[in-house]
Amino acid sequence: MFPIEKYHFASSVGDAVQALAADEKARIIAGGTDVLVRLHGGNSDYGRLVDINGLRELKEISIDAEGTIRIGSLASFTEIMEHEIITKHVPVIAESLATIGGPQVRNAGTMGGNICNGAVSADSACAALIHEFDLVIEGTAGERIQSINGFHTGPGRTILKKGDLLKYFCIRKEFYQGFSASYYKYAMRGAMDIATIGCGAAVKMQSDTIETLKLAFTVAAPTPIRCKNAEKVMENKTLSEETLQAMTEALEEDAMPRDSWRASKDFRLHLIKTLSKNVICQAVENRGGMK
Numbered sequence: 111m112f113p114i115e116k117y118h119f120a121s122s123v124g125d126a127v128q129a130l131a132a133d134e135k136a137r138i139i140a141g142g143t144d145v146l147v148r149l150h151g152g153n154s155d156y157g158r159l160v161d162i163n164g165l166r167e168l169k170e171i172s173i174d175a176e177g178t179i180r181i182g183s184l185a186s187f188t189e190i191m192e193h194e195i196i197t198k199h200v201p202v203i204a205e206s207l208a209t210i211g212g213p214q215v216r217n218a219g220t221m222g223g224n225i226c227n228g229a230v231s232a233d234s235a236c237a238a239l240i241h242e243f244d245l246v247i248e249g250t251a252g253e254r255i256q257s258i259n260g261f262h263t264g265p266g267r268t269i270l271k272k273g274d275l276l277k278y279f280c281i282r283k284e285f286y287q288g289f290s291a292s293y294y295k296y297a298m299r300g301a302m303d304i305a306t307i308g309c310g311a312a313v314k315m316q317s318d319t320i321e322t323l324k325l326a327f328t329v330a331a332p333t334p335i336r337c338k339n340a341e342k343v344m345e346n347k348t349l350s351e352e353t354l355q356a357m358t359e360a361l362e363e364d365a366m367p368r369d370s371w372r373a374s375k376d377f378r379l380h381l382i383k384t385l386s387k388n389v390i391c392q393a394v395e396n397r398g399g400m401k
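First residue of the sequence shown? That's 111 in my numbering, and the numbers climb one at a time after it.
Have a look at this one:
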């Protein structure tokens with residue numbers, strides 16, 4: 111038996127916000143791939159649930175006249191991966207979600223939950239950072255927009271407050287048009303394990319020159335991170351062993367890996383440097399810049 115003390119099936123976004131605000135211990139359940147595991151383990155911190163599965167508008171994936179892509183927080187990994195808007199415009203999102211669990215997990219789990227649980231290893235976080243997601247959040251004071259930059263505040267922590275509900279991810283046209291991207295997850299058992307290191311890169315090219323690089327990591331610091339020092343080194347540079355080496359040296363200013371039972375700090379730093387080169391080269395190749 112799951113240790114569920116209280117259960118509320120939300121009838122609207124407003125109803126969900128009210129239920130969350132009224133109960134300090136209330137937790138959202140969407141796909142349940144994290145919450146039910148914790149409940150099965152006897153974690154009573156997840157015993158008071160607000161179920162948002164009836165809010166079908168939060169499953170929508172669309173693109174507007176300005177080219178802004180909107181992904182509902184309740185859309186499953188599989189629904190996102192298979193949607194033509196995603197595969198056409200931001201395929202790195204599908205690429206990263208494909209590394210999560212098996213088909214059963216991807217059919218149930220949501221990107222909203224993956225981002226909002228604050229996990230340093232969240233597989234969708236690199237794609238969110240390199241495409242600079244905006245998060246549309248409904249709270250007790252109304253709707254607000256929060257950038258993914260700064261959303262994570264520490265291991266398992268985000269800026270979300272009591273009563274907050276993430277409704278949509280939005281990706282503005284300027285953050286994906288003209289970019290090619292790639293993602294790689296290093297894990298002991300591939301999709302069936304959490305990332306030891308996750309790395310994503312997006313590049314915008316001008317002829318053979320990298321005009322803009324966006325580079326992100328999971329499990330390289332206390333939160334998922336963008337690597338601004340390494341990015342700056344690659345700006346307006348051609349891709350070469352020399353520029354890639356300079357970039358990996360700059361990564362030491364960005365990354366803060368730690369020792370754990372999964373991997374040592376030194377091994378993680380080795381992965382960070384190696385994966386960054388591979389993922390940047392793959393992003394360039396995806397554009398057709400390398401053969």
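We put the beta carbon where it would ideally sit given N, CA and C, even for glycine. Source: prediction; values computed, not measured.
CA nearest to the CA of residue i, picked from the options
| i | options | result |
| --- | --- | --- |
| Asp364 | Arg378, Ser386, Phe119, Cys337 | Cys337 |
| Pro367 | Met357, Lys383, Ala356 | Lys383 |
| Gln128 | Trp371, Lys271, Met298, Cys280 | Lys271 |
| Ala331 | Glu351, His193, Thr263 | Thr263 |
| Asn339 | Thr328, Phe327, Gln355, Glu362 | Glu362 |
| Ile335 | Lys277, Lys347, Cys280, Ile258 | Ile258 |
| Asp244 | Ala251, Ser231, Lys283 | Lys283 |
| Gln355 | His380, Gly151, Ser370 | His380 |
| Met315 | Ala393, Leu146, Asp174, Cys236 | Ala393 |
| Glu167 | Ile139, Val343, Ala297, Leu184 | Leu184 |
| Met357 | Ala373, Trp371, Cys391 | Cys391 |
| Ala373 | Glu345, Met298, Ser350 | Met298 |
| Leu130 | Glu253, Arg378, Gly151, Ile162 | Ile162 |
| Val215 | Val147, Arg378, Asp174 | Val147 |
| Phe327 | Gly252, Asp125, Ser292 | Ser292 |
Residue i: first and last residue of the uninterrupted alpha helix (DSSP H) it sits in
| i | result |
| --- | --- |
| Glu192 | 187–192 |
| Val202 | 201–207 |
Cβ-based neighbour list, residue i, same chain, cut-off 6 Å, excluding 5 preceding and 5 following
| i | result |
| --- | --- |
| Tyr117 | Leu159 |
| Ile114 | Gly157 |
| Asn227 | Asp144 |
| Gly399 | Low confidence applies to Gly399: its pLDDT is 44, below 50, so where it sits in the model is not reliable, and the reading given next is rough at best. Correct list, in chain order: Met315. |
| Phe112 | Leu149 |
| Asp369 | Lys375 |
| Val329 | Val230, Ser231, Ala305, Ile307 |
| Val343 | Ala356, Met357, Ala360 |
| Arg267 | Gly228 |
| Lys169 | Gly182, Leu184, Ala185 |
| Asp133 | Arg158 |
Proximity test, residue i beta-carbon vs the ligand NAP heavy atom, cut-off 6 Å
| i | result |
| --- | --- |
| Ala131 | The ligand NAP is absent from the structure shown, which contains no ligand whatsoever. |
Assumed close pair residue i, residue j - CB separation to whole angstroms, cut-off 8 Å
| i | j | result |
| --- | --- | --- |
| Leu323 | Ala311 | 7 Å |
| Ser234 | Asn396 | Contact doesn't hold; Cβ gap of about 19 Å is too wide. |
| Val313 | Ile320 | 5 Å |
| Ser386 | Cys309 | 6 Å |
| Tyr278 | Gly182 | 6 Å |
| Ile203 | Ala237 | 5 Å |
| Ile247 | Leu276 | 5 Å |
| Ile171 | Ile210 | Not quite, the Cβ-Cβ distance comes to about 17 Å (not below 8 Å), so this is no contact. |
Close beta carbons around residue i, own chain, < 7 Å, minus the five adjacent residues each side
| i | result |
| --- | --- |
| Tyr286 | His199, Val200, His241 |
| Gly141 | Ser186, Ala218, Gly219, Thr220, Gly223 |
| Gly249 | Val127, Lys271, Gly273, Asp274 |
| Glu341 | Leu323, Lys324, Leu325 |
| Asp434 | As shown, the chain starts at 111 and ends at 401. That puts residue 434 outside it, with no answer to give. |
| Tyr225 | The amino acid occupying residue 225 in the given sequence is Ile; Tyr does not appear at that position. Around Ile225: Ala232, Ser234, Ala235, Ala238. |
| Asn388 | Tyr294 |
| Gly288 | Lys314 |
| Gly151 | none |
Cut-off 8 Å between Cβ atoms - residues of its own chain near residue i, not counting five sequence neighbours on either side
| i | result |
| --- | --- |
| Gly164 | Phe119, Ala120, Ser121 |
| Asn217 | Ser186, Phe187, Thr188 |
| Arg137 | Val145, Asp155, Tyr156, Arg158, Leu159, Val160 |
| Lys347 | Thr319, Ile320, Thr353 |
| Ile255 | Asp244, Leu245, Val246, Ile247, Cys280 |
| Lys135 | Asp155, Gly157, Arg158 |
| Thr178 | Cys280, Ile281, Arg282, Lys283 |
Start and end residues, beta strand (DSSP E) containing residue i
| i | result |
| --- | --- |
| Thr328 | 319–328 |
| Arg180 | 179–182 |
| Gly164 | Element bounds for Gly164: n/a, residue is neither H nor E. |
| Cys309 | 307–316 |
| Ser172 | 171–173 |
| Phe119 | 116–119 |
Chain B contact for residue i (CB, 7 Å cutoff)
| i | result |
| --- | --- |
| Met191 | Checking the listed chains, one finds no chain B in this structure; it contains a single protein chain. |
**Item:** Inside the segment 345–377 only - alpha helix (DSSP H) runs reaching at least 4 residues
**Value:** 351–364
**Item:** Ranges of the alpha helix (DSSP H) found wholly within the segment 129–160, counting only runs of at least 4
**Value:** 145–150
**Request:** Could you pull out every unbroken alpha helix (DSSP H) segment of at least 4 residues lying fully inside the segment 218–300, listed in chain order?
**Result:** 221–226, 235–240
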